[in-house]
Amino acid sequence: MGKKGKKEKKVKGAEKTAAKMEKKVSKRSKREEEDLEALIAEFQSLDAKKTQVIETACAPPSPRLNASLCAHPEKDELILFGGEFFNGKKTFLYNELFFCNIKKNTWVKAEIPNPPPRRCAQQAVVVSQGGGQMWIFGGEFASPDGETFYHYKDLWVLHLGTRTWEQIKAPGAPSGRSGHRMVLSKRQLLVFGGFHESTRDYIYYNDIHAFNLDTFTWSRLQPTGTGPCPRSACQMTPTPDGNGVIIYGGYSKSRAKKDVDKGTIHSDMFLLRREGKEEQEKWTWTRVNPAGVKPHPRSGFSLAVGPGGRALLFGGVCDEEDEESLEGDFFNDLYFYDINKNRWFPAQLKGNKSEKKKRRRGTKGEQTDETEEDKEKAQGPTEIIKEIVAEDGTVMTIKEVIPAARAEEDIEDEEEEEEDEEVEAAAMASLVEPCPRSSAMATVKHGKLYLYGGMFEVGDRQFTLSDLYSLDLHKMDQWDVLVEMDPKTQEWLEESEDEEEEEEEEEEAKGGDDEEDNEEEETSEEEGEEDADHPPVKPGEALADYQMRTEKYWLGLARANMGPDAKEKKVQKVCHAMAKVFFEDQE
Numbered sequence: 000m001g002k003k004g005k006k007e008k009k010v011k012g013a014e015k016t017a018a019k020m021e022k023k024v025s026k027r028s029k030r031e032e033e034d035l036e037a038l039i040a041e042f043q044s045l046d047a048k049k050t051q052v053i054e055t056a057c058a059p060p061s062p063r064l065n066a067s068l069c070a071h072p073e074k075d076e077l078i079l080f081g082g083e084f085f086n087g088k089k090t091f092l093y094n095e096l097f098f099c100n101i102k103k104n105t106w107v108k109a110e111i112p113n114p115p116p117r118r119c120a121q122q123a124v125v126v127s128q129g130g131g132q133m134w135i136f137g138g139e140f141a142s143p144d145g146e147t148f149y150h151y152k153d154l155w156v157l158h159l160g161t162r163t164w165e166q167i168k169a170p171g172a173p174s175g176r177s178g179h180r181m182v183l184s185k186r187q188l189l190v191f192g193g194f195h196e197s198t199r200d201y202i203y204y205n206d207i208h209a210f211n212l213d214t215f216t217w218s219r220l221q222p223t224g225t226g227p228c229p230r231s232a233c234q235m236t237p238t239p240d241g242n243g244v245i246i247y248g249g250y251s252k253s254r255a256k257k258d259v260d261k262g263t264i265h266s267d268m269f270l271l272r273r274e275g276k277e278e279q280e281k282w283t284w285t286r287v288n289p290a291g292v293k294p295h296p297r298s299g300f301s302l303a304v305g306p307g308g309r310a311l312l313f314g315g316v317c318d319e320e321d322e323e324s325l326e327g328d329f330f331n332d333l334y335f336y337d338i339n340k341n342r343w344f345p346a347q348l349k350g351n352k353s354e355k356k357k358r359r360r361g362t363k364g365e366q367t368d369e370t371e372e373d374k375e376k377a378q379g380p381t382e383i384i385k386e387i388v389a390e391d392g393t394v395m396t397i398k399e400v401i402p403a404a405r406a407e408e409d410i411e412d413e414e415e416e417e418e419d420e421e422v423e424a425a426a427m428a429s430l431v432e433p434c435p436r437s438s439a440m441a442t443v444k445h446g447k448l449y450l451y452g453g454m455f456e457v458g459d460r461q462f463t464l465s466d467l468y469s470l471d472l473h474k475m476d477q478w479d480v481l482v483e484m485d486p487k488t489q490e491w492l493e494e495s496e497d498e499e500e501e502e503e504e505e506e507e508a509k510g511g512d513d514e515e516d517n518e519e520e521e522t523s524e525e526e527g528e529e530d531a532d533h534p535p536v537k538p539g540e541a542l543a544d545y546q547m548r549t550e551k552y553w554l555g556l557a558r559a560n561m562g563p564d565a566k567e568k569k570v571q572k573v574c575h576a577m578a579k580v581f582f583e584d585q586e
């Protein structure tokens, strides 16, 4: 056989190996999803042992992000449900339910029979009907290593008056997802966007669904006009008249090239408007171009609805991505979007007025300690020198001699202005504010914004927060700390590089279960031809010896399958995994 024939045979062999590996990844993905379902069922069996409602006074909840924080529609309480926490090695998911009395700043943990399974990144909406209800849709469950996910498409309601959970099973629900948004619009729950991710692939959504709170039915809306592109984690705010919603920002990612994903932070805005009566209502998308000072593009921001229907946006992160690393700039700024004026504006804290008065009184008192000698010196004329920089950069010096009386007045005016600025700066410097963060939970009750938890990163370490702040949106004076937390006390378990490599190699080289063996028997003839091209295992040869002896061959095959852009370290891992799979198949 000529060189051309050998080359073609080698290419076909590589294609078959790649197809075989793809098949194994697909089966592994299916197994992992089944494992997650089994783990969820195990947790639910533990929850099923709860037969009565137990409410216990407790300390504030543990650190978490991507939970649901809502204001009780009837009481002076906040409601916290679900969320996640990662300690460097393991991901923890919660379905705990907490109530915070905002008058007393006390917490109660409520254990209610038959709760929703553990999850994070779900959406929750409260309504006042029936003594108060909290509706929850979707979210995700993650494996302990945080590598695989199960996305929910279930709908639950917590009856706040009777302290009971109820799952609502209605046909036509949106597909399983997390990172979506849900708001109340008149008598409907509107669900928009989100994403679904598996081991092999991911998809982002821009569909919108409505759940009728009177008929308990789902329907998919078909708006006219051009709406937002698929995304998750956007801002979704109902309009004050209840006939529409505003969509702002969000995040999505797409495949840039093989094994390389590119993230996109969106900063566009759309209005979804309802027209006509209930039975003949029509929905229309319209692009919105707001005025004012817009937020810097970001993802992971917190959102809430303030007084007057203004949308609130706090914090978030702007990730700088390249093929080798991912670094983020975290924010702790607050922005308002006035829907009626179609205008963004940043929030400005005014500071504590009583503190400013004290500082002014102290400053004026210090000024009275003048000596007679100082006063006499001030009686003479004063020479004032001013430097002015022209547009071309030229510095001009201007001298002016002012009579004593006028000079004294001018100097006093200037000093007062400087004092006011110093007092203002000192008052602002003493203000406490939440540290920069993303994925925090926010809600508004009685005109106050409440902000809980979230996370930020320093290098490779993630800090998850459990602090609670409030801000009076009418006074806009200062943040009040209701629950403090020192993130330095948080334990972080580092995973060594050797552990990571071993886990990845084991995953790459897993042979599968009986079902996989049965399926592989059907293609054994083709694989036999393929295996014949690989370096054979010598009698009595150990795995390490075989991998060392044949490393050059398996490196070439791994590189051919993964492409020239794959990282050398990853190619090395796949090379060893492929050699191990072939070695074990020959035993």
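Each residue of the sequence shown is one higher than the one before, counting from 0 in numbering that gives the first Met the number 0.
Glycine residues also receive a C-beta, built at the ideal position from the N, C-alpha and C atoms.
Classify residue i as helix, strand or coil using the three-state DSSP reduction.
i: Ile101; result: coil
i: Met454; result: strand
i: Phe305; result: The sequence given here places Gly at residue 305; Phe does not occur at that position. Looking at Gly305 - three-state DSSP - the assignment turns out to be coil, as it is neither helix nor strand.
i: Lys108; result: strand
i: Asn331; result: strand
i: Ala40; result: helix
i: Glu278; result: helix
i: Ser61; result: coil
i: Leu554; result: helix
i: Arg30; result: helix
Should residue i and residue j be called a contact, given that it needs their Cβ atoms to be closer than 9 Å?
i: Asp337; j: Gly327; result: no
i: Val190; j: His208; result: yes
i: Leu159; j: Gln122; result: no
i: Arg286; j: Thr238; result: no
i: Pro62; j: Gln489; result: yes
i: Phe76; j: Phe98; result: It is worth fixing the name first, because residue 76 is Glu in this sequence and not Phe. Yes, they are a contact pair.
i: Ala578; j: Val570; result: no
i: Asp332; j: Pro294; result: yes
i: Ile101; j: Lys474; result: no
i: Pro116; j: Ile39; result: yes
i: Phe91; j: Phe84; result: yes
i: Pro59; j: Glu95; result: no
i: Gly129; j: Tyr149; result: no
i: Leu348; j: Glu432; result: yes
i: Pro227; j: Gly192; result: yes
Sorted by chain position, which residues of the same chain lie with C-beta nearer than 8 Å to residue i's C-beta, five sequence neighbours on each side aside?
i: Ala169; result: Leu154, Phe210, Phe215, Thr216 and Trp217
i: Lys2; result: At Lys2, the pLDDT of 48 sits below 50, so the modelled position is not reliable and the matter cannot be decided from this model.
i: Gly644; result: Residue numbering for the chain in the displayed model covers 0 to 586; residue 644 lies beyond these limits and cannot be assessed.
i: Gln187; result: Ala209, Phe210, Asn211 and Leu212
i: Arg342; result: Pro289, Ala290, Gly291 and Tyr336
Please classify residue i as buried or exposed, where buried requires at least 16 other C-beta atoms within 10 Å of its C-beta.
i: Cys233; result: buried
i: Ser44; result: exposed
i: His71; result: buried
i: Ala441; result: buried
i: Val52; result: exposed
i: Met454; result: buried
i: Glu33; result: exposed
i: Cys574; result: buried
i: Met268; result: buried
Looking only at its chain, what residues have a beta carbon closer than 7 Å to the beta carbon of residue i, apart from the 5 residues adjacent to it on each side?
i: Gly315; result: Arg297, Ser298, Gly299, Phe300, Phe330 and Ser437
i: Phe582; result: Val536, Leu542 and Tyr545
i: Lys49; result: Glu110 and Pro112
i: Thr367; result: No answer about Thr367 holds up, because its pLDDT of 45 lies below 50 and its placement is not dependable.
i: Ile264; result: Tyr250, Pro296, Arg297, Ser298 and Cys317
Apart from the five residues just before and just after residue i, which ones in its own chain have a Cβ nearer than 6 Å to its Cβ?
i: Leu467; result: Tyr451, Leu481 and Val482
i: Thr55; result: Lys108
i: Glu524; result: Below a pLDDT of 50, predicted positions are generally treated as unreliable, and Glu524, at 42, falls in that range; the measurement from the model is reported next regardless. Correct list: empty, nothing qualifies.
i: Ala120; result: Asn65, Gly138, Glu139, Ser177 and Gly178
i: Gly248; result: Cys233, Gln234, His265 and Ser266
i: Arg272; result: Gly243 and Thr283
Give the range of the alpha helix (DSSP H) segment to which residue i is assigned.
i: Leu542; result: Leu542 to Arg548
i: Asp584; result: Glu567 to Gln585
In terms of residue numbering, what span does the beta strand (DSSP E) encompassing residue i cover?
i: Phe269; result: Val259 to Glu274
i: His150; result: Phe148 to His150
i: His208; result: Ile207 to Asn211
i: Trp478; result: Trp478 to Val482
i: Glu83; result: Glu83 to Phe85
i: Leu470; result: Arg460 to Asp471
i: Val126; result: Gln122 to Val126
i: Tyr201; result: Tyr201 to Tyr203
So does residue i have its beta carbon nearer than 8 Å to some heavy atom of the ligand ATP?
i: Leu467; result: The ligand content of the structure shown is nil, which means the ligand ATP is not present either.
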